[in-house]
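There are 2 protein chains.
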Amino acid sequence: MELLKERIRKDGKVRGTDVLKVDSFLNHQMDIELFEEIGKEFARRFEDEKITKILTIEASGIGIACIAARYFHVPVVFAKKNQTKNIAGDVYTSKVESFTHGRVYDIIVSKDYLGPDDKVLIIDDFLANGAALMGLSQLVKDAGATLVGCGIVIEKGFQPGGKMLRDKGVRVESLAIVDAMSEENGVTFRD
Amino acid sequence: MELLKERIRKDGKVRGTDVLKVDSFLNHQMDIELFEEIGKEFARRFEDEKITKILTIEASGIGIACIAARYFHVPVVFAKKNQTKNIAGDVYTSKVESFTHGRVYDIIVSKDYLGPDDKVLIIDDFLANGAALMGLSQLVKDAGATLVGCGIVIEKGFQPGGKMLRDKGVRVESLAIVDAMSEENGVTFRD
Chain A
5 MELLKERIRK DGKVRGTDVL KVDSFLNHQM DIELFEEIGK EFARRFEDEK
55 ITKILTIEAS GIGIACIAAR YFHVPVVFAK KNQTKNIAGD VYTSKVESFT
105 HGRVYDIIVS KDYLGPDDKV LIIDDFLANG AALMGLSQLV KDAGATLVGC
155 GIVIEKGFQP GGKMLRDKGV RVESLAIVDA MSEENGVTFR D
Chain V
5 MELLKERIRK DGKVRGTDVL KVDSFLNHQM DIELFEEIGK EFARRFEDEK
55 ITKILTIEAS GIGIACIAAR YFHVPVVFAK KNQTKNIAGD VYTSKVESFT
105 HGRVYDIIVS KDYLGPDDKV LIIDDFLANG AALMGLSQLV KDAGATLVGC
155 GIVIEKGFQP GGKMLRDKGV RVESLAIVDA MSEENGVTFR D
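Top line first, the protein sequences correspond to chains A and V.
First residue of the first sequence: 5, per my numbering; consecutive thereafter.
First residue of the second sequence: 5, per my numbering; consecutive thereafter.
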């Protein structure tokens with residue numbers, strides 16, 4: 005998606021060889037007009053699928069998922085990272101190892117909102133090691149629902165998550181795949 | 005907002021005298037068509053203000069804020085509850101006591117995304133004790149920005165947050181104010 009790549013080139017900041025800061029438009033401050041273009045592109049790529057639900061994970065996936073959902077006309081469910089007293093009853097749960105925060109946490113979704121009739125599109129802002137997406141896809145499997153695919157804004161193609169998921173047969177659509185980056189040379193995208 | 009009140013009556017679940025579960029449409033599964041009506045109503049109520057930025061807090065405020073932002077044509081910034089290595093540099097920070105989770109946590113916003121020229125609308129799903137909104141309004145103040153007001157989906161009118169904020173001169177627009185609730189009689193809204 006050329007508009008997104010241009011924005012990453014213009015406003016993304018590379019730190020070292022593996023941190024890409026896009027908090028000016030994607031995951032802290034959020035450019036909603038860009039999100040609308042991202043949502044339209046996901047809808048175009050998955051238009052032949054009869055998606056019934058978008059699944060994402062708190063926090064930075066939520067905004068993208070909600071704007072994208074406008075083009076799919078389906079509800080969004082976000083997996084929570086902490087048990088709260090406001091989700092009672094039965095939940096699906098899975099473990100995710102966060103490399104950013106250096107810990108393992110549980111993610112949960114209420115059984116009320118994912119079921120065998122659902123055709124699920126997972127949406128998230130980043131794909132790197134694939135830990136969050138693996139956890140989310142496990143929730144979809146546990147619910148007996150169908151995983152249609154994953155819509156990712158930025159994939160770090162030099163980290164293993166994308167290959168791991170595709171090798172498992174998961175359809176992964178990443179709008180920008182970064183194959184290399186450095187503070188000197190910036191970002192190199194996969195064609 | 006009558007559509008919202010009807011939805012709360014239909015799908016909200018009262019637990020005890022102070023827990024209102026709306027996770028089927030507001031803060032776990034999210035009904036994006038309802039969010040669009042909520043966004044339009046916030047835009048109507050604040051249409052005379054020259055808002056430059058919407059501020060919310062992770063996680064359940066983000067979806068509502070992003071959909072509402074479509075009608076204001078401004079970016080959304082969400083305050084984060086944890087320091088991550090992906091926000092470098094200077095931040096505004098404030099403390100919030102969570103009654104739901106029974107702990108005090110820091111909220112942070114990068115200084116890059118709030119400044120003296122901003123006219124800020126705070127959006128959140130719930131207002132109860134007002135702790136999150138007080139923390140957010142402190143961030144706005146620390147940034148030298150102008151707080152235009154708060155747009156809230158559901159205010160628990162029997163808890164002190166709304167009165168406390170209004171007594172401080174903050175404009176609070178709540179789309180549904182619950183004055184009482186019980187498992188036997190359901191929800192009583194303020195007129």
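The C-beta atom is built at its ideal place from N, Cα and C for all residues, glycine as well.
Residue i (DSSP reduced to helix, strand or coil)
i	result
residue 168/A	helix
residue 102/V	strand
residue 5/A	coil
residue 144/V	helix
residue 62/V	coil
residue 93/A	coil
residue 110/A	strand
residue 19/V	strand
residue 14/A	helix
residue 139/A	helix
residue 54/V	coil
residue 197/A	With chain A running from 5 to 195 in the structure shown, residue 197/A is simply not present.
residue 43/A	helix
Per DSSP, cross-strand counterpart(s) of residue i
i	result
residue 193/A	182/A
residue 117/V	Answer by DSSP bridge pairing: none, since residue 117/V is not bridged.
residue 34/V	80/A
residue 49/A	Answer is none; residue 49/A lacks a bridge partner.
residue 159/V	131/V, 181/V
residue 70/V	Beta-bridge pairing links residue 70/V to no other residue.
residue 244/V	With chain V covering 5 to 195 only, the question about residue 244/V has no answer from this structure.
residue 124/A	57/A, 151/A
Distance between beta carbons of residue j and residue i, contact taken as under 8 Å
i	j	result
residue 67/V	residue 154/A	About 19 Å separates the two Cβ atoms, so there is no contact after all.
residue 156/A	residue 72/A	The Cβ separation is near 12 Å, so there is no contact.
residue 124/A	residue 149/A	5 Å
residue 176/V	residue 141/V	With a Cβ gap of about 11 Å, residue 176/V and residue 141/V do not count as contacting.
residue 194/V	residue 165/V	Wrong, their Cβ atoms sit about 14 Å apart, outside the cutoff.
residue 180/V	residue 8/V	5 Å
residue 64/V	residue 110/V	Not really, about 18 Å apart at Cβ, beyond 8 Å.
residue 33/V	residue 108/A	Between residue 108/A and residue 33/V the Cβ distance is about 26 Å, and since that is not below 8 Å, they are no contact.
residue 122/V	residue 57/V	5 Å
residue 24/V	residue 182/V	7 Å
residue 106/A	residue 75/A	The pair is not a contact, with the Cβ atoms about 36 Å apart (cut-off 8 Å).
residue 52/V	residue 79/A	Residue 52/V to residue 79/A, Cβ: 33 Å. No contact.
Q | Proximal residues, the segment 166-190 of chain A versus chain V, C-beta separation under 8 Å | A | none
Q. Touch check for the segment 122-140 of chain V and the segment 96-103 of chain V: three-plus C-beta pairs under 8 Å?
A. yes
(Q) Tell me which residues of the segment 114-135 of chain V have at least one Cβ-Cβ distance to chain A shorter than 8 Å, keeping chain order. (A) 114, 116, 117
Q.
Closer than 7 Å between beta carbons: that is the criterion. Which residues of the segment 61-74 of chain A meet it against chain V?
A. 62, 63, 66, 67, 70, 71, 73, 74
**Q.** Inter-stretch contact at 8 Å, needing at least 3 Cβ pairs: the segment 105-123 of chain A / the segment 17-35 of chain V
**A.** yes
Q) When the Cβ atoms of the segment 182-191 of chain A are set against those of the segment 8-28 of chain V, are three or more pairs found closer than 8 Å? A) no
Q. If contact means a Cβ-Cβ distance below 9 Å, which residues of the segment 31-43 of chain A contact chain V?
A. 31, 32, 33, 34, 35, 36, 37, 39, 40
Q: Identify each residue in the segment 13-27 of chain V for which the Cβ-Cβ distance to at least one residue of chain A is less than 8 Å, and report them in chain order.
A: 19, 23, 25, 27
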